[in-house]
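Residue numbers (my numbering): 5 to 343.
Cβ coordinates follow ideal geometry from the N, Cα and C atoms, glycine included.
All values derive from a computational prediction rather than experimental measurement.
Working notes, beginning with the structure itself.
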């Protein structure tokens, strides 16, 4: 073999060895080694969207990678969840979701719920829920709207965003206590519904304060009541209406926002994500933003988050079952009745 051939073969072997070592180093590199995709279940401008877009930048700094956010609204969050289910279980696709998915099987929306996902973090609970209308509406209190609806059944147009969501559940609570027959108008999340409220295309909507409070403060929406027996930022409690005096039996209750990955994601990637989002949840700027919108910070990850979800599902699923709204008996899904 000539010198040139030996040199060529040596260089080739060296290149192959270098490439192999590079691949090995890449495989052993700590997660994440590239940008991450964050899929938001609901439309722009809603409570989930606002919460997650405020959350992601703080987690990015800790992970050292961008989190590229996109909205995939539809079917009460099932479209986004199903999309994430179909992506590789490598931790690079996050589901930025909310509470409706917990009830997918109970309500017959899908044959899965969060049982196929690992809870990276439950950031906050939006347990301050407002009934809002347009500023020029003729109603100013909860009793005003109740009286009008009862005198004019199915005349008032009410926002609905799918089974298991805040509008659906709070409407069910009200309807179990008093007659409340409205015309339900579906939207893919709070953002489009707020625009429809402001445009006069619908009349009322139950919204988390995270989505609605800035519009109320600016006079773009009018709040008729808060889902509580206590006032919130000058907004009267819904229990001021005599027929809703028993509303606290359902409380505290609210929407919540969290970050999930497929359960099959490697433990090392899960642990990295849990640590980053937990620290992000402690960021003072993020906490001020969330609490200023009426949210209660939770910042629960892993097993803590799973226990929170289990308790919430038990309360809500059996509310639906007892009201005759559940498509599947929670007992058959192994969901215990709340104590």
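query                                                                                                                          : result
Three-state secondary structure (DSSP) of residue 310                                                                          : helix
Proximity to residue 177 [Cα-Cα], best of 113, 293, 243 and 224                                                                : 243
Backbone secondary structure at residue 282 - three-state DSSP                                                                 : helix
C-beta contact flag for residue 211 and residue 133 at 9 Å                                                                     : yes
Assigned exposure category for residue 105 - 16 Cβ within 10 Å defines buried                                                  : buried
Reduced DSSP secondary structure (H/G/I, E/B, other) of residue 153                                                            : helix
Alpha-carbon spacing of residue 28 relative to residue 274, whole angstroms                                                    : Caution applies to residue 28, whose pLDDT of 36 falls short of 50 and renders its modelled position unreliable; the value that the coordinates give is listed next. Approximately 21 Å, taken between the alpha carbons.
Three-state class that DSSP yields for residue 316 in the structure shown                                                      : helix
From 97, 68 and 107, residue whose alpha carbon lies closest to that of residue 332                                            : 107
Cut-off 7 Å between Cβ atoms - residues of its own chain near residue 97, not counting five sequence neighbours on either side : 41, 43, 88 and 91
The stretch 112-127 touching the stretch 199-213, judged by at least three CB pairs closer than 8 Å                            : no
Among 159, 38, 103 and 131, nearest to residue 233 - alpha-carbon criterion                                                    : 131
Reference residue 197; option with closest CA among 185, 313 and 219                                                           : 219
Start and end residues, beta strand (DSSP E) containing residue 188                                                            : 187-190
Cβ-Cβ distance between residue 261 and residue 51 below 9 Å                                                                    : yes
Sequence-distant residues of its chain with Cβ nearer than 7 Å to residue 334 (five each side left out)                        : 110, 321, 322 and 325
Close-in-space but distant-in-sequence residues of the same chain around residue 72 (CB under 8 Å, 5 per side omitted)         : 39, 40, 41 and 42
Where residue 88 sits in the DSSP three-state scheme                                                                           : helix
Coarse secondary structure for residue 269, derived from DSSP in three states                                                  : coil
Sequence-distant residues of the same chain with beta carbon closer than 6 Å to residue 224, five excluded per side            : 202
Buried versus exposed call for residue 84 [16 or more other C-beta atoms within 10 Å across all chains shown]                  : buried
Distance, residue 301 Cα to residue 294 Cα                                                                                     : 7 Å
Cβ-Cβ separation, residue 95 to residue 265 (assumed contact under 8 Å), whole Å                                               : 6 Å
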